[in-house]
Amino acid sequence: MSEWTPSKENIEQFENGFRDYLVSQLKDAGELDETSNNEAKRITYVLDHFNEYKRQYVGIIESGKKVVYCNLIRGSAGDWKNELVVMFDGGPNYFSIHFNVQKERYFDLMINGYA
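Positions 69 to 183 (the working numbering) are the ones given, in order, by the sequence shown.
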């Protein structure tokens, strides 16, 4: 997998529709079964604390397309400005998402659960 450095414009492009995307996912989760209710709760938490998350942006190439991988962290994260944070639990204080720059499409939203 190749890497590239997202520009300020790429990050702005990502951020411009990000909150609206999360709201749309909340609506979708709310219309599904009880399992999705947990997802709706996690998305609600994320939206309630949206501006409190630190963000890490990584440019990757997936199938020849430029993708911004965004890692979001609310809470302790060590040297998060210089090292990618990998967290396997911690609930919705930690989550990640991908964004296809050319298609302006978000995908692979992964909100952590609790161990």
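We treat Cβ as the ideally placed atom computed from N, Cα and C, and that holds for glycine.
The beta carbon of Asp176 lies closer than 7 Å to those of Ile165 and His166 in the same chain, with the five residues before and after it left out. In the DSSP annotation of this structure, the continuous segment of the beta strand (DSSP E) that includes Lys133 starts and ends at Lys133 to Ile141.
Straight-line spacing of the CA atoms in Asn119 and Ile141 works out to 11 Å. Here Gln93 is buried. Its C-beta has 16 or more other C-beta atoms within 10 Å. Of the residues assessed, Ala97 falls on the buried side of the cut-off, its CB having 16 or more other CB atoms within 10 angstroms. Here Phe82 is actually not in contact with Val126; their C-beta atoms are around 11 Å apart, not less than 8 Å. Leaving aside the five residues that flank Ile79 on each side, the residues in its chain whose CB is nearer than 6 Å to its CB run, in chain order, Tyr125.
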